[in-house]
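Reading through the structure tokens given below for one structure.
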Amino acid sequence: MASARLYTDWLVSAGVERGLIGPREPDRIWSRHVLNCAVLSSVVPADATVVDVGSGAGLPGIPLAIARPDVRVTLVEPLERRTAFLDEVVAALELTNVRVLRGRADEVVDRCGGADVVTSRAVAPLARLMTWSAPLARIGGEILAMKGSSAAEEIERDRQAVANLGVGELSVLTVGDGVVDPPTYVIRGLVRSSGRAGRKGGKPTAKQRRTAR
Ligand SMILES: C[S@@+](CC[C@H](N)C(=O)[O-])C[C@H]1O[C@@H](n2cnc3c(N)ncnc32)[C@H](O)[C@@H]1O
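Heads up: the sequence shown begins at 11 in this note's numbering, then just goes up one per residue.
Structural data, given as structure tokens:
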């Protein structure tokens, strides 16, 4: 797909020059980053609104948006250097289904909360990640957090803290079998309520922050 190749070119050139991608990554950028994220598209529902928390250089949000023109993706990223890169890439690739929001996840709830799906990759340990992700999803929405092979252990460790945030039915999905090696592991959670501890203005309460540590 031309857009995916163009995105890869951006990552290995400007992405590396600006320090958003490690200098050792270019050789494996396609398999380990772009394809590894694009396979997430197989578990995102049709026509979903997606918020990608901590997008960095656009992963997994941009490969997802390229693979799935039916979904609308908001890339949330606090660092200006990274959102500047994202703005340029979105314009160059003419990705009409992507917008970029600068800010921390807890600062953008008013602007992009109520999403069908909240994605992330390599952003934070599960419990802390959920304090940022859950307020951005609608009740009945999904959290899809890309994780390494320790995904199941993270669930066991943080299950109670995550339940307190109103997120349940945690499971590990394996996607991209036969496409990427190793396959991509995704923790899926369903947002069942706004959380036992409640939230004020979409921000996690002090109790939720303590539980998530
Ligand atoms: C290790 S990078 C991962 C970037 C990208 N998801 C990837 O897989 O290449 C973590 C990213 O999360 C962002 N981040 C950190 N705290 C955040 C927060 N509270 N809300 C949103 N993004 C955050 C950082 O600025 C950084 O870009």
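Ideal placement from N, C-alpha and C gives every residue a C-beta, glycine not left out.
query                                                                                                   : result
Any 3 or more C-beta pairs closer than 8 Å across the region 95 to 108 and the region 137 to 153        : no
Alpha-carbon spacing of Asp62 relative to Leu30, whole angstroms                                        : 17 Å
Through-space distance from Val128 to Val60, alpha-carbon basis                                         : 6 Å
Member of Ala162, Pro55, Ala58, Ile76 whose CA lies at the smallest distance from the CA of Thr18       : Ile76
Complete alpha helix (DSSP H) runs within the region 71 to 120 (minimum length 4 residues, chain order) : 71 to 77, 90 to 102
Unbroken alpha helix (DSSP H) run spanning Val177, endpoints                                            : Looking at the DSSP string, Val177 is not in any alpha helix (DSSP H); the run it does join, the beta strand (DSSP E), is 177 to 185.
Beta-carbon spacing of Arg55, Met156 below 8 Å                                                          : The question names Arg, but residue 55 in the sequence shown is Pro. For Pro55 and Met156, no; Cβs fall outside 8 Å.
Through-space distance from Ala171 to Ala207, alpha-carbon basis                                        : Confidence at Ala207 is low in this model, with a pLDDT of 48, below 50, so its placement is unreliable and the value that follows should be read with caution. Between Ala207 and Ala171, the C-alpha separation is close to 10 Å.
Alpha helix (DSSP H) segment containing Met156, residue limits                                          : Met156 -> not in any alpha helix (DSSP H); beta strand (DSSP E) instead, spanning 147 to 157.
Buried versus exposed, by CB contacts within 10 Å (16 or more), Thr84                                   : buried
Val189 beta carbon less than 8 Å from that of Leu45                                                     : yes
Local Cβ density within 10 Å of Asp187, reported as buried at 16 or more and exposed below that         : exposed
Under the three-state DSSP convention, the category Ala61 falls into                                    : Checking the sequence, you will find Val at residue 61 rather than Ala. Three-state DSSP puts Val61 in a strand.
For Asp80, the nearest candidate out of Leu89, Asn107, Ser181 (CA to CA)                                : Asn107
Helix, strand or coil at Val189 according to DSSP, with G and I counted as helix                        : coil
Near ligand 1: Leu103 beta-carbon under 7 Å from a heavy atom                                           : no
Buried or exposed by the 16-neighbour rule on C-beta atoms within 10 Å, applied to Ala115               : buried
Three-state secondary structure (DSSP) of Ala125                                                        : strand
Three-state secondary structure assigned by DSSP to Val196                                              : strand
Helix, strand or coil at Ser204 according to DSSP, with G and I counted as helix                        : coil
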